[in-house]
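Undergrad: Residue numbers (UniProt numbering): 1 to 308.
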């Protein structure tokens, strides 16, 4: 079996949850969720998932790396920065179940790792991957110069045959303003082969508009495969001049929608990487996301994983 390789670029943070006077510590991050589920679904089918980020040399960083390795995630491209640590966020839950998030990430290793890596070396390391995945958060946390370096690396990798996949994951608080974010989204979409777009995030970024306008905007940037994620509604898949609507898996007991979009992306890409067509991939995406939201937290137990 020919090994396929996927690189997922992003940030994993230390997560603290405070509830009823107690604090629980875990790890979390949008791209890490996608990488983990992608690895679980495809590792035994000849796909190797690598996580690309920066960590420190602290105990939290070591625990993260070991946890990823246990999930069969390759950590060869996890770069260690001696003077930085992982970002941190705190989740507070009130009596009604409403969650408030507090972040400490401005000086994190994941924000600065690109400044400590030779760009030509990184290009040569990434150019051999079949697929390179990143999100809007992956871009948002980077300083301007590092973002520009990443675009150049991705452009070269694309020219050498890597498929670039972008998940929009728009978080307004991470950007100076919506215009800046929109400019960078247009830039990354011009390099993107497959775009996984949460429609609510598109509206948050661009204002109220139709699904058709969202699709047209991405196509004008050159994206050839577009998936519009619409929560519990049908998703839309647009490719090869065709558009299809694929029904979501019905879930009667929604416990926690954390990582619903991240797991959807993993489910879709896992099926595509293992030979699935557009419809089968969308159905698999809905199946995984529909399973994940029936559990508390972003990561479900291994024995709860649906089959690919």
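Note that beta-carbon positions come from the ideal geometry of N, C-alpha and C, so glycine has one too. Please read all numbers here as calculations on a predicted model, not as lab measurements.
(1) Could you tell me if residue 301 is buried or exposed, where buried requires 16 or more neighbouring beta carbons within 10 angstroms of its beta carbon?
(2) How do the region 184-198 and the region 206-222 stand: do at least 3 beta-carbon pairs fall below 8 Å, yes or no?
(3) Can you look up residue 43 in the DSSP assignment and give me helix, strand or coil?
(4) Pop quiz: residue 38 and residue 269 are said to be a contact at Cβ under 8 Å. What is the actual Cβ separation, rounded to whole angstroms?
(5) Verify the contact flag: residue 20, CB atom, against every heavy atom of the ligand COA, threshold strictly below 7 Å.
(6) Excluding the 5 residues flanking residue 167 on each side, which residues of the same chain have their C-beta closer than 6 Å to its C-beta?
(7) With distances taken between CB atoms, is the gap from residue 255 to residue 282 smaller than 8 Å?
(8) Cα-Cα, which of 93, 274, 95, 119 is closest to residue 44?
(9) Determine the DSSP secondary structure at residue 30, reduced to helix, strand or coil.
(10) Reducing DSSP to helix, strand and coil, say where residue 7 ends up.
(11) With distance defined between alpha-carbon atoms, name the residue in 263, 174, 279 nearest to residue 298.
(12) Could you give the residue range of the alpha helix (DSSP H) that holds residue 188?
(13) Let me make sure I understand the geometry here. Which of 27, 140, 147, 154 has the alpha-carbon closest to that of residue 59?
(14) Tell me whether the beta-carbon of residue 86 lies closer than 8 Å to the beta-carbon of residue 165.
(15) How many Å lie between residue 284 and residue 308 at the Cα?
(16) For residue 170, which of helix, strand or coil comes out of DSSP?
(17) With 8 Å set as the bound, which would you pick, yes or no: does the beta-carbon of residue 173 sit closer than that to a beta-carbon of chain D?
(18) So the candidates are 114, 35, 34; which of them puts its Cα closest to the Cα of residue 145?
(19) What residue range is occupied by the uninterrupted alpha helix (DSSP H) comprising residue 145?
(20) Does the Cβ of residue 101 have 16 or more other Cβ atoms within 10 Å, making it buried, or fewer, making it exposed?
(21) Taking the DSSP output, what are the residues bridged to residue 73?
(22) Beta strand (DSSP E) containing residue 100: first to last residue?
(23) Mind the definition here: the region 111-127 touches the region 40-55 only if three or more C-beta pairs lie below 8 Å; say whether that holds.
(24) Nearest to residue 241 by alpha carbon, out of 252, 215, 261, 260?
(25) Is the separation between the beta-carbon of residue 109 and that of residue 56 shorter than 8 Å?
(26) Is the CB-CB distance between residue 40 and residue 305 below 8 Å?
(27) Let's see if you can read the secondary structure: which residues bound the alpha helix (DSSP H) around residue 199?
(28) Could you tell me the boundaries of the beta strand (DSSP E) in which residue 19 lies?
(29) Flag this pair as yes or no: are the beta carbons of residue 170 and residue 34 separated by less than 8 Å?
TA: Once the coordinates are examined:
(1) exposed
(2) yes
(3) helix
(4) 6 Å
(5) The model on display carries no ligand, and the ligand COA is accordingly not part of it.
(6) So the list reads 135, 196, 265, once near-sequence residues are dropped.
(7) no
(8) 274
(9) helix
(10) strand
(11) 263
(12) Note, residue 188: alpha helix (DSSP H), 178-189.
(13) Minimum Cα distance to residue 59 is reached at 27.
(14) no
(15) 7 Å
(16) coil
(17) In the structure shown, chain D does not exist; there is a single protein chain.
(18) 114
(19) Residue 145 -> alpha helix (DSSP H) spans 144-159.
(20) Exposed: under 16 other Cβ atoms inside 10 Å.
(21) 49
(22) Counting along the chain, the beta strand (DSSP E) containing residue 100 begins and ends at 99-104.
(23) yes
(24) 215
(25) Yes.
(26) With respect to the 8 Å criterion, residue 40 and residue 305 are classified as neighbours on the basis of their beta carbons.
(27) Start and end: 199-206.
(28) 13-19
(29) no
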